[in-house]
Amino acid sequence: MADLVVRGALLCDGSGHEAARGDLAVAGDRIAAVGHVGERGAREIDGAGLALAPGFIDVHTHYDCQLFWDPQASPSPWHGVTTVVMGNCGFTIAPCREADRETLMQLLLFVEGMPIETLRAGIAWAWEDFAGYLGALERRGVGPNVAAFIGHSAVRYRVMGRAAVERPATAEECAQMAALVRDGMAAGAIGWSTSLSPTHFFGDGTPAPSRLADEAELLALARALADLGRGVIEIAPRTTIGPPADKAEEQRFFAELARASGTVVSWAPLLDNPFAPGSARKIIEESAEFQAGGVQVVPQVGCRPLEVRFDFTEPAFYLEQNPFWRPIMAKSRDERRRLFADAEFRAELGRQTGFVAALAQGWDRLVLRLAASEGLRHWQDRSVAEIAAAQGRTPLDAFCALVLEDDLATQWGVVLMNHDERAVAELIRHPAGLLALSDAGAHVDTLCDQGFTTYLLGHWVRELGALALEEAVRLVTSVPAERYGLRGRGRLAPGYAADLVLFDPARVAMRPTEMVYDLPRGQRRLLQRAEGIVDVFVNGVPVVADGAPAGRRPGRVLRGGG
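Under this note's numbering, the first residue of the sequence shown carries the number 30, and numbering increases by one thereafter.
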């Protein structure tokens, strides 16, 4: 007898082929049969009107810390995600000497948007090397499956100490770093990750350690994977916010890393840029040319508008990037209130065209997303320009008045990238790309894109009809599994892992974004739940049952991808 049989569901098997109604049986942690299942199951689910797909795979997360206080990696499984890849952008908490723990937490404090109190209280430190870190996760148990990169910044600091944020590495230090990468791979890492991005730095402006690496250092680490004949390199580029020509040049260096390593180099993000229309298409076409020649340079693309949220109650990643706001957010909350009420400050703010031009591309792009005061909630999802017109005020005056009336707590939203849905459609359909970029676990007070899989199914498939359901499922199942070497996952086929998501294609959708205070020490994060995701199984065990979290920890640490 099978442990589970799902009957009469629309089977989207991850291949992209046309879906058909059928049954699926699970025995233990594996799929036992697909198609017509004659035997009864210990548990049976009626899949009529629902679609059944392989569990979704999110290759760009930062759950390295969160798993210690939230082993379910919420909200990812609520959106059908059964496997997460973490340790992206070079930010990991292993390897790490005991004496260096505070330094790595101070780095994560800024780039992950988590208060230091949360990190200090939430991380159950019990390791110094990467093997010890993975072992700690296994002992605790995890909801989804977890694959992990070993992070360049952690490796660099382990070898160089404080010099890691001060200078290039010597040849001997590069050799030591390569040895640590090989050790991490032997322990179960799926590759190594790094960041060259100018947006990644400590709170005092000191660059992340990986940003000081020169090409020789990066090539030395790439050759460490060549020695092993496996692995993935993931990179946040130096040109994250640079001009298209520079991005193309940097991608050519990534191709050199791919040749040196003999592996996939996946870099992120590649998004539609409103200041350079069409540039992302040219970049991904160049990626396709590299891939056609056997050089696996794979840009990560996103299917959601890149919307950042911020308020003026606490320092946040987004405002910290702005030299005008950084010193203001360092002041006390009372001082900030006084500033917004001060005519001279408002005049100076009005002269800061970058606040509007760079942050919102105009007052019509700056949107009030969440009001703390009930009396202001009728303005939610309206732009400052719309509110100002309705109030008969200038946009600047309307903005400052709302900030004060809501005691600085208004959540503002602005879409920075991926405005043009026609351009985004080209990117997510392009075979050279990899659909990802949830950034789950990072920037938790600023971004909330963990539900990109739900958005893909609800918006791009049902609402726009821009993708067939079968193709959308393929993009978040078999494609990432094959790119990243996640063996035995991403398909509905006998012998594959019983990672499954049962959903209603007619109603799958995002729920409104919330601000919740569930981090250690009562700190906050943005959270978005799903509608229409009915059941989610990891290795045959439910982690979402009838739309609600099941609280189970059946996930596995996928050492080396399997």
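Note that CB positions come from ideal geometry on N, CA and C, so glycine has one too. All values derive from a computational prediction rather than experimental measurement.
On a Cα-Cα basis, can you pick out the residue from 238, 450, 260 and 381 that is closest to residue 493? What you label residue 493 is simply residue 464 of the sequence shown in a count that begins at 1. Checked all of 238, 450, 260 and 381; the closest Cα to residue 493 is 450.
Buried or exposed, going by whether 16 or more other CB atoms sit within 10 Å of the CB of residue 276? For the purposes of this step, residue 276 is taken as the residue at position 247 of the sequence shown. With 16 or more Cβ atoms within 10 Å of its Cβ, residue 276 is classed as buried.
Could you tell me which residues DSSP pairs with residue 112 in its beta bridges? Locating residue 112 in the sequence shown gives position 83, where the first residue counts as 1. 86 and 174, per the DSSP bridge assignment.
For residue 426 and residue 436, what's the separation of their Cα atoms in angstroms? Position 397 of the sequence shown, counted from the start, is the residue given in the question as residue 426. Position 407 of the sequence shown, counted from the start, is the residue given in the question as residue 436. Cα to Cα, the separation comes out at about 15 Å.
Cross-strand partners of residue 296 (DSSP beta bridge): Within the sequence shown, the letter at position 267 stands for residue 296. Residue 296 is bridged to 264 and 328.
Limits of the unbroken alpha helix (DSSP H) element including residue 314: The sequence position of residue 314 within the sequence shown is 285, counting from 1. Run containing residue 314: 308-321, per the alpha helix (DSSP H) assignment.
Using the Cα positions of residue 421 and residue 415, report the straight-line distance between them to the nearest angstrom. Along the sequence shown, read from residue 1 onward, the residue named residue 421 stands at position 392. Along the sequence shown, read from residue 1 onward, the residue named residue 415 stands at position 386. If you draw a straight line from the Cα of residue 421 to the Cα of residue 415, it is about 10 Å long.
Consult DSSP for residue 18 and reduce its assignment to one of helix, strand or coil. A question about residue 18 goes unanswered here, because the residues of the chain that appear run from 30 up to 591.
Where residue 89 and residue 296 are concerned, what is the direct C-alpha to C-alpha distance, given to the nearest angstrom? In the sequence shown, the residue the question calls residue 89 occupies position 60. In the sequence shown, the residue the question calls residue 296 occupies position 267. Each residue's alpha carbon lies about 10 Å from the other.
Could you check which residue in 92, 447 and 491 has the C-alpha nearest to that of residue 122? As a first step, residue 122 must be located in the sequence shown, where it is residue number 93. Selected option, being the one with the closest Cα: 92.
Is residue 30 helix, strand or coil by DSSP? If you number the sequence shown from 1, residue 30 lands on position 1. In this structure, residue 30 counts as coil in the three-state DSSP scheme.
Go to residue 221, then tell me how far its beta strand (DSSP E) extends in each direction, as first and last residue. Mapped onto the sequence shown, residue 221 falls at position 192. Per DSSP, the continuous beta strand (DSSP E) segment holding residue 221 begins and ends at 220-224.
Does the beta-carbon of residue 87 have 16 or more other beta-carbons within 10 angstroms, so that it is buried, or is it exposed? Numbered from 1 along the sequence shown, position 58 holds the residue referred to as residue 87. The residue in question, residue 87, is buried, as its Cβ has 16 or more Cβ neighbours within 10 Å.
Identify which residue in 506, 243, 399 and 539 has its Cα closest to the Cα of residue 481. Working through the sequence shown from its first residue, we reach residue 481 at position 452. Nearest C-alpha to residue 481 among 506, 243, 399 and 539: 539.
When we look at the beta-carbon of residue 361 and count the other beta-carbons within 10 Å, is it buried (16 or more) or exposed? If you number the sequence shown from 1, residue 361 lands on position 332. Its Cβ having fewer than 16 others within 10 Å, residue 361 is exposed.
Contact between the region 149-163 and the region 198-218 is defined here as three or more beta-carbon pairs at a separation below 8 Å; is this criterion met? Yes, they touch.
Apart from the five residues just before and just after residue 447, which ones in its own chain have a Cβ nearer than 7 Å to its Cβ? Stepping through the sequence shown from its first residue, residue 447 is reached at position 418. Taken in chain order, the residues that qualify are 300, 301, 331, 333, 334, 335 and 453.
Quick check: the region 233-249 against the region 188-205, are at least 3 beta-carbon pairs closer than 8 Å? Yes, since at least three Cβ pairs between the region 188-205 and the region 233-249 fall closer than 8 Å, the two stretches touch.
Where does residue 275 fall in DSSP's three states? In the sequence shown, counting from the first residue as 1, residue 275 sits at position 246. Of the three classes helix, strand and coil, the one that applies to residue 275 here is helix, per DSSP.
Between residue 561 and the rest of its own chain, which residues show a CB-CB distance below 7 Å, the 5 nearest in sequence each way excluded? Locating residue 561 in the sequence shown gives position 532, where the first residue counts as 1. 532, 533, 536, 537 and 538.
So, does the region 92-109 touch the region 47-65, judging by three or more C-beta pairs under 8 Å? Contact fails: fewer than three Cβ-Cβ distances are below 8 Å.
At the level of alpha carbons, what is the spacing between residue 108 and residue 464? Within the sequence shown, residue 108 is the residue found at index 79, counting from 1. Within the sequence shown, residue 464 is the residue found at index 435, counting from 1. The straight-line gap from Cα to Cα measures roughly 15 Å.
Is it buried or exposed, residue 235, if we count other Cβ atoms within 10 angstroms and call 16 or more buried? For the purposes of this step, residue 235 is identified with residue 206 of the sequence shown, where counting begins at 1. By the neighbour-count criterion, in which 16 or more other beta carbons inside 10 Å mark a residue as buried, residue 235 falls on the exposed side.
Assuming residue 505 contacts residue 496 under a Cβ cut-off of 8 Å, what Cβ separation, rounded to an integer in Å, is found between them? Locating residue 505 in the sequence shown gives position 476, where the first residue counts as 1. Locating residue 496 in the sequence shown gives position 467, where the first residue counts as 1. Contact doesn't hold; Cβ gap of about 11 Å is too wide.
Cβ-Cβ separation, residue 556 to residue 43 (assumed contact under 8 Å), whole Å: Along the sequence shown, read from residue 1 onward, the residue named residue 43 stands at position 14. Along the sequence shown, read from residue 1 onward, the residue named residue 556 stands at position 527. At roughly 28 Å, the Cβ-Cβ gap does not stay under 8 Å, so residue 43 and residue 556 are not in contact.
What do you reckon, are the CB atoms on residue 592 and residue 106 nearer than 9 Å? With the chain covering only 30 through 591, there is no way to say anything about residue 592.
Would you tell me roughly how many angstroms separate the C-alpha atoms of residue 314 and residue 177, rounded to the nearest one? Within the sequence shown, residue 314 is the residue found at index 285, counting from 1. Within the sequence shown, residue 177 is the residue found at index 148, counting from 1. So the alpha carbons of these two residues sit roughly 29 Å apart.
By DSSP's criteria, residue 441 is part of a beta bridge. Which residues make up the other side? Numbered from 1 along the sequence shown, position 412 holds the residue referred to as residue 441. When beta bridges are read from the DSSP output, residue 441 appears opposite 339 and 397.
Whole beta strand (DSSP E) elements within the region 93-155, 3-residue minimum: Correct list: 110-115.
Assign residue 586 to one of three DSSP states: helix, strand, or coil. Locating residue 586 in the sequence shown gives position 557, counting from the first residue. In the structure shown, residue 586 sits in a strand (DSSP, three-state: E or B).
Here's the rule I'm using: 16 or more other beta-carbon atoms within 10 Å means buried, otherwise exposed. How should residue 338 be labelled? Indexing the sequence shown from 1 puts residue 338 at position 309. By the neighbour-count rule (16 or more Cβ atoms within 10 Å), residue 338 is buried.
Just to confirm the assignment, what range does the alpha helix (DSSP H) spanning residue 492 have? Residue mapping note: residue 492 aligns to position 463 of the sequence shown, counting from 1. If you look at residue 492, you'll find it isn't in any alpha helix (DSSP H); DSSP assigns it neither H nor E.
Quick one: grab the DSSP three-state call for residue 54. Within the sequence shown, the letter at position 25 stands for residue 54. If DSSP states are grouped into helix, strand and coil, residue 54 belongs with the strands.
If you compare alpha carbons, which of 53, 252, 346 and 203 is closest to residue 32? The count along the sequence shown starts at 1 and reaches residue 32 at position 3. If we check each option's Cα against that of residue 32, 53 comes out closest.
If distances are taken between C-alpha atoms only, which option among 71, 351, 190 and 83 comes closest to residue 39? As a first step, residue 39 is located in the sequence shown; it is residue number 10 there, counting from the start. The candidate whose alpha carbon is nearest that of residue 39 is 83.
Selection from 306, 329 and 138 that minimises the alpha carbon distance to residue 280: Position 251 of the sequence shown, counted from the start, is the residue given in the question as residue 280. When each option's Cα is compared against that of residue 280, the closest is 329.
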